[in-house]
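Protein chains in written order, with my numbering: chain F, 28 to 455; chain X, 228 to 497.
C-beta atoms are modelled at their ideal positions from N, C-alpha and C, and glycine is treated no differently.
Below is one structure, written out as structure tokens; the observations come after it.
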């Protein structure tokens with residue numbers, strides 16, 4: 028039995044394939060039942076997101092197992108196996124564990140470091156728990172994956188810095204204004220991207236919103252959505268004296284805001300800083316105004332540059348994350364190996380011997396002068412008792428029970444053996 | 228007594244190294260170490276000043292060594308207050324190097340305790356020196372914060388959003404702290420000049436003697452008064468205030484060292 032990961036993701040399958048293999052909540056339940064009915068599978072968890080479908084299994088490690096699962100997937104979704112086969116990957120044992128840890132830590136995501144995947148994985152684990160399709164091994168594995176992901180998040184900078192235009196704008200605004208709660212935000216024009224950026228800004232604490240759009244009604248609708256106020260487009264220059272953050276995206280073919288105008292506005296603003304984001308193409312705001320004191324002007328390329336640089340930083344950080352994952356894989360396999368029967372049996376006996384010797388020493392001390400012959404008789408009796416007491420547990424542990432892992436872990440708990448078997452202690 | 232000074236100097240030295248490492252590397256652990264060593268340094272330094280006070284029986288600002296040492300101590304005090312109150316990242320990297328330089332210059336000056344001329348023994352001395360040093364220390368830290376502002380402002384303006392951009396605080400916080408420090412330092416400086424005048428009247432019979440130290444203090448005072456005026460009335464903020472607070476500190480340093488080294492002054496410390 029081993030850990031087995033079979034699945035596909037945005038790198039191996041295009042969206043049509045991903046769609047047809049995706050599981051919704053109900054289908055996950057059915058799928059889990061179906062998987063557990065396959066011979067050779069003892070535990071199963073299904074993860075299904077828009078970018079990946081993955082099955083985490085505790086199953087027989089042979090190749091035919093993988094083939095059986097692939098066939099099951101094809102039949103379950105009524106999808107041609109030949110097409111599916113090309114998109115599916117399968118990782119066993121260490122590679123499987125590594126894959127899961129990388130997925131959980133968002134190293135395998137389309138946008139490295141994005142935070143959603145961990146929540147999705149937790150949900151998948153919850154369903155597995157509820158449906159009782161996961162057991163000792165996968166439970167431990169999932170808990171480990173979640174803790175690895177958290178470690179990666181706190182110990183590397185993989186999730187730091189904005190990787191979308193909207194977040195980059197918010198990040199910059201915060202570096203200029205600190206708290207955004209008392210800042211006034213003006214939306215010039217109502218393009219899709221500008222709206223998105225506006226949503227990020229209001230999500231980050233901006234309360235006071237002004238919308239100036241060429242069609243007043245459309246502007247009004249947006250203003251209502253952000254609980255702000257709409258003004259006539261021709262009046263936007265007046266509002267520059269109060270607006271601290273401006274996002275501009277109109278369809279104008281030339282500059283709608285010139286240097287001299289902004290210079291005048293800065294005087295009425297008493298030089299309070301203003302952050303202007305011009306995401307329109309062609310640009311709507313004279314780039315020269317960036318040279319005015321306390322005016323910070325960013326265009327779409329500037330923001331894209333920020334995003335690209337941050338993405339690069341994340342890729343660099345992912346190397347550190349891989350090192351953390353390598354270490355955690357070792358920890359997981361140490362635990363897994365501790366479930367092997369032989370070391371447990373050896374330890375059990377060693378434990379019993381230890382108790383025997385201790386008690387004999389005490390006894391001899393009390394009896395004070397005892398003949399060698401009697402000593403041997405007493406020891407013999409004690410050995411017999413140990414053997415008889417340990418016979419049944421030993422046989423059970425050595426047996427080929429399906430729930431052997433559970434037995435071993437139960438035995439270790441009942442007899443108070445360390446989580447690591449003695450024989451393996453000197454290994455890394 | 229010598230030992231406490233050396234221990235303080237060594238602690239400041241280590242803290243400064245860590246602060247510079249943090250600036251270059253951006254490692255959070257060094258930041259904690261920096262605060263711990265700076266705190267050690269401050270404790271030893273306080274002990275040193277207390278011992279000098281105890282032995283001599285007067286405010287330990289009688290020699291240039293003592294004055295530089297007490298000035299440094301005041302800067303570290305203000306640094307800890309701001310660090311505790313605002314928790315602005317990287318402040319140590321911009322203040323501690325200055326602390327170390329001042330402490331080193333204090334360490335090379337003659338250290339023996341001299342008796343104070345009888346005419347100076349007056350309770351005004353306490354008030355006057357403490358006000359002057361703590362006030363100037365606040366303006367010194369304002370200079371550090373101003374430099375931080377200028378770097379961050381340049382980052383945002385030139386769209387150079389590298390590691391330092393992420394680690395430096397927001398422009399608003401830096402501007403606020405800078406302004407706050409000037410509003411602390413300036414009144415203290417004003418009071419120091421007033422108490423100095425009263426002291427002068429008490430021992431020498433005249434309020435103002437046009438001593439170079441007095442003149443330069445007045446220049447510094449006018450400079451900062453102008454900074455505050457520009458900010459409150461002309462809306463000067465951000466970059467301009469930051470530059471002025473950096474320039475103002477040069478005037479303070481000159482009042483402090485320059486006057487003593489280049490001119491003959493009643494504030495001779497000897």
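- Query: Should residue 82 of chain F and residue 108 of chain F be called a contact, given that it needs their Cβ atoms to be closer than 8 Å?
  - Reply: For the purposes of this step, residue 82 of chain F is identified with residue 55 of the first chain, where counting begins at 1. For the purposes of this step, residue 108 of chain F is identified with residue 81 of the first chain, where counting begins at 1. No, these two residues do not count as a Cβ contact at 8 Å.
- Query: Going straight from the alpha carbon of residue 231 of chain X to that of residue 358 of chain X, what length do you get?
  - Reply: Within the second chain, residue 231 of chain X is the residue found at index 4, counting from 1. Within the second chain, residue 358 of chain X is the residue found at index 131, counting from 1. Straight-line Cα distance between these residues: approximately 25 Å.
- Counterpart residues of residue 85 of chain F in DSSP-defined beta bridges: Stepping through the first chain from its first residue, residue 85 of chain F is reached at position 58. Looking at the DSSP assignment, residue 85 of chain F forms a beta bridge with F:30 and F:70.
- By Cβ distance, which residues of its chain are closer than 8 Å to residue 405 of chain X, with the 5 residues on each side in sequence left out? For the purposes of this step, residue 405 of chain X is taken as the residue at position 178 of the second chain. Result list for residue 405 of chain X: 369, 372, 373, 376, 468, 469 and 472, in chain order.
- Under 8 Å from the C-beta of residue 89 of chain F: neighbouring residues of chain X: Counted from its first residue, the first chain places residue 89 of chain F at position 62. What residue 89 of chain F touches in chain X: nothing, since even the nearest Cβ is about 48 Å away.
- From F:244, F:69 and F:113, pick the residue whose C-alpha is nearest to that of residue 260 of chain F; which is it? As a first step, residue 260 of chain F is located in the first chain; it is residue number 233 there, counting from the start. Checking every option, the nearest Cα to that of residue 260 of chain F belongs to F:244.
- May I ask you to report which of helix, strand or coil DSSP gives residue 213 of chain F? Residue mapping note: residue 213 of chain F aligns to position 186 of the first chain, counting from 1. In the structure shown, residue 213 of chain F sits in a strand (DSSP, three-state: E or B).
- Message: Among F:45, F:93 and F:300, whose alpha-carbon lies nearest the alpha-carbon of residue 33 of chain F?
- Response: For this step, residue 33 of chain F is matched to residue 6 along the first chain. Per the Cα distances, F:93.
- Using only alpha-carbon positions, find the residue among X:291, X:290 and X:234 that is nearest to residue 273 of chain X. Taking the second chain and counting its residues from 1, the one referred to as residue 273 of chain X is at position 46. Per the Cα distances, X:234.
- Query: Where residue 197 of chain F and residue 316 of chain X are concerned, what is the direct C-alpha to C-alpha distance, given to the nearest angstrom?
  - Reply: Reading the first chain from its first residue, position 170 is the one you call residue 197 of chain F. Reading the second chain from its first residue, position 89 is the one you call residue 316 of chain X. The straight-line gap from Cα to Cα measures roughly 20 Å.
- Leaving out five residues on either side along the sequence, give the residues of the same chain with a beta carbon under 6 Å from the beta carbon of residue 305 of chain F. Walking along the first chain from the start, residue 305 of chain F turns up at place 278. Excluding sequence neighbours, residue 305 of chain F sits near 275, 311, 312 and 326.
- Task: Go ahead and pull the three-state DSSP assignment for residue 259 of chain F.
- Result: The sequence position of residue 259 of chain F within the first chain is 232, counting from 1. Three-state DSSP puts residue 259 of chain F in a strand.
- Whose C-beta lies closer than 7 Å to the C-beta of residue 26 of chain F among residues of the same chain, with five residues either side of it excluded? The shown model of chain F, from 28 to 455, leaves out residue 26 of chain F, and the question about it has no answer.
- Quick one: does residue 339 of chain F have its CB under 8 Å from some CB of chain X? By 1-based counting over the first chain, the position of residue 339 of chain F is 312. With 8 Å as the cut-off, residue 339 of chain F does not count as an interface residue toward chain X.
- Task: Determine the direct distance from the alpha carbon of residue 303 of chain X to that of residue 309 of chain X, and round the result to whole angstroms.
- Result: For the purposes of this step, residue 309 of chain X is taken as the residue at position 82 of the second chain. For the purposes of this step, residue 303 of chain X is taken as the residue at position 76 of the second chain. Roughly 10 Å separates the two Cα atoms.
- Query: Are any of the Cβ atoms in chain X nearer than 8 Å to that of residue 425 of chain F?
  - Reply: Looking up residue 425 of chain F in the first chain gives position 398. Answer no: the Cβ-Cβ gap between residue 425 of chain F and chain X never drops below 8 Å.
- Query: Ends of the alpha helix (DSSP H) at residue 419 of chain X?
  - Reply: As a working note, residue 419 of chain X is residue 192 in the second chain. Segment 398 to 431, the alpha helix (DSSP H) holding residue 419 of chain X.
- Note down the Cα distance separating residue 104 of chain F from residue 374 of chain F, rounded to an integer number of angstroms. Translated into the one-based positions of the first chain, residue 104 of chain F becomes position 77. Translated into the one-based positions of the first chain, residue 374 of chain F becomes position 347. Near 48 Å, if we compare the C-alpha coordinates of residue 374 of chain F and residue 104 of chain F.
- Euclidean distance between Cα positions of residue 261 of chain X and residue 247 of chain X: In the second chain, the residue the question calls residue 261 of chain X occupies position 34. In the second chain, the residue the question calls residue 247 of chain X occupies position 20. Taking the straight line from one Cα to the other gives about 9 Å.
- Task: Please list the partners that residue 400 of chain X has in chain F, where partner means a Cβ-to-Cβ separation under 8 Å.
- Result: Reading the second chain from its first residue, position 173 is the one you call residue 400 of chain X. Result: 205.
- Task: Report the option in X:465, X:328 and X:395 whose CA atom is closest to the CA atom of residue 322 of chain F.
- Result: Within the first chain, numbered from 1, the residue matching residue 322 of chain F stands at position 295. Cα-wise, what sits closest to residue 322 of chain F is X:465.
- Item | Status (buried if at least 16 other CB within 10 Å, exposed otherwise) for residue 300 of chain F | Working through the first chain from its first residue, we reach residue 300 of chain F at position 273. So residue 300 of chain F counts as buried.
- Query: Cβ atoms of residue 200 of chain F and residue 228 of chain F: under 8 Å apart, would you say?
  - Reply: As a position in the first chain, residue 228 of chain F is number 201, starting the count at 1. As a position in the first chain, residue 200 of chain F is number 173, starting the count at 1. Yes, they are a contact pair.
- Mapping DSSP to helix, strand and coil, what is residue 450 of chain F? Translated into the one-based positions of the first chain, residue 450 of chain F becomes position 423. Bear in mind that a pLDDT of 38 at residue 450 of chain F, under 50, signals an unreliable position, so the number given afterwards is only what the model happens to contain. Of the three classes helix, strand and coil, the one that applies to residue 450 of chain F here is helix, per DSSP.
- Task: Over the uninterrupted alpha helix (DSSP H) stretch that includes residue 432 of chain F, give me the two end residues.
- Result: Here residue 432 of chain F refers to the residue found at position 405 of the first chain. Looking at the DSSP string, the run of the alpha helix (DSSP H) that includes residue 432 of chain F is 431 to 441.
- Assign residue 79 of chain F to one of three DSSP states: helix, strand, or coil. Mapped onto the first chain, residue 79 of chain F falls at position 52. Note: residue 79 of chain F maps to strand in three-state DSSP.
- Message: Taking DSSP's pairing of strands, which residues face residue 253 of chain F in a bridge?
- Response: In the first chain, the residue the question calls residue 253 of chain F occupies position 226. According to DSSP, which records beta bridges pairwise, residue 253 of chain F is partnered with nothing at all.
- Query: Out of curiosity, what's the CA-to-CA distance linking residue 497 of chain X and residue 448 of chain X?
  - Reply: Numbered from 1 along the second chain, position 270 holds the residue referred to as residue 497 of chain X. Numbered from 1 along the second chain, position 221 holds the residue referred to as residue 448 of chain X. For residue 497 of chain X, the predicted model reports a pLDDT of 46, less than 50, meaning its position is unreliable and no value from the coordinates is stated.
- Message: residue 411 of chain X and residue 451 of chain X - do their beta-carbons sit closer together than 8 Å?
- Response: In the second chain, the residue the question calls residue 451 of chain X occupies position 224. In the second chain, the residue the question calls residue 411 of chain X occupies position 184. Not a contact, by the Cβ cut-off of 8 Å.
- Can you find a CB in chain X that lies within less than 8 Å of the CB of residue 40 of chain F? Here residue 40 of chain F is taken as the residue at index 13 of the first chain, counted from 1. Not closer than 8 Å to any Cβ of chain X, the Cβ of residue 40 of chain F fails to qualify, so no.
- Please report the Cβ distance between residue 475 of chain X and residue 366 of chain X, rounded to the nearest whole angstrom; I am assuming they are in contact, meaning their Cβ atoms lie under 8 Å. For this step, residue 475 of chain X is matched to residue 248 along the second chain. For this step, residue 366 of chain X is matched to residue 139 along the second chain. About 6 Å; that satisfies the 8 Å criterion.
- Best match in F:202, F:390, F:410 and F:368 for proximity to residue 432 of chain F [C-alpha to C-alpha]: Here residue 432 of chain F refers to the residue found at position 405 of the first chain. Residue 432 of chain F has its Cα closest to that of F:368, out of F:202, F:390, F:410 and F:368.
- Among F:230, F:126, F:99 and F:406, nearest to residue 382 of chain F - alpha-carbon criterion: Residue mapping note: residue 382 of chain F aligns to position 355 of the first chain, counting from 1. The shortest C-alpha separation from residue 382 of chain F is found at F:406.
- Task: With 8 Å as the threshold, decide whether the Cβ of residue 464 of chain X is near any Cβ in chain F.
- Result: Residue 464 of chain X sits at position 237 when you count from the first residue of the second chain. So yes, residue 464 of chain X belongs to the interface.
- By Cβ distance below 7 Å, which residues in the same chain neighbour residue 362 of chain X in space, the five residues on each side in sequence not counted? Walking along the second chain from the start, residue 362 of chain X turns up at place 135. Counting only Cβ-Cβ distances below 7 Å, and skipping sequence neighbours, we find 412, 415, 416 and 419.
- Message: Measuring only the C-alpha atoms, how far is residue 70 of chain F from residue 365 of chain F?
- Response: Mapped onto the first chain, residue 70 of chain F falls at position 43. Mapped onto the first chain, residue 365 of chain F falls at position 338. Cα-Cα distance, rounded: 19 Å.
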